[in-house]
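Residue numbers (this note's numbering): -16 to 120. Heads up: the structure comes next, in structure tokens.
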């Protein structure tokens, strides 16, 4: 009987410890951020994308990815992950402040690489919040 009570206490404490250590991770995963816009463009001026496009010429030096996020409950960071033909080429971390609306961007030197490109917005845990594709021709 004594062994049974000890076993029950051990299981209860183990379960509680697991739950307590899981709570911070669960709270961080649920940021509540909404991605209102993710577009590729030729530049950014006055906090807005310039010449939105899904196709860039091979002579284009840089592509820009413009992000508008909403409902940011607390300061955080996101990653712009640039991929070419399925291989990650760059990862740019940007800060997002606590705000109802936040606009930011990142750019990538295309280096004349023709083909299919993709930009993903990922949270710090690698969860894809939004993605867009474009080509270089």
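Cβ coordinates follow ideal geometry from the N, Cα and C atoms, glycine included.
Residue i, buried or exposed, once every other Cβ within 10 Å from all chains shown has been counted against 16
i           : result
residue 62  : buried
residue 107 : exposed
residue 94  : exposed
residue 3   : Unreliable placement is indicated for residue 3, whose pLDDT of 34 sits below 50; no coordinate value is reported for it.
residue 83  : exposed
Whole-number beta carbon distance between residue j and residue i, since they are thought to touch under 8 Å
i          : j           : result
residue 40 : residue 117 : Not really, about 12 Å apart at Cβ, beyond 8 Å.
residue 50 : residue 18  : 7 Å
Euclidean distance between Cα positions of residue i and residue j
i           : j           : result
residue 112 : residue 105 : 5 Å
residue 77  : residue 30  : 15 Å
residue 75  : residue 47  : 12 Å
residue 35  : residue 25  : 7 Å
residue 79  : residue 33  : 21 Å
residue 102 : residue 66  : 6 Å
residue 98  : residue 53  : 32 Å
residue 28  : residue 87  : 11 Å
residue 114 : residue 21  : 7 Å
residue 81  : residue 109 : 20 Å
residue 71  : residue 59  : 23 Å
residue 119 : residue 100 : 8 Å
residue 23  : residue 44  : 14 Å
residue 90  : residue 55  : 22 Å
residue 73  : residue 64  : 6 Å
residue 96  : residue 57  : 37 Å
residue 42  : residue 69  : 22 Å
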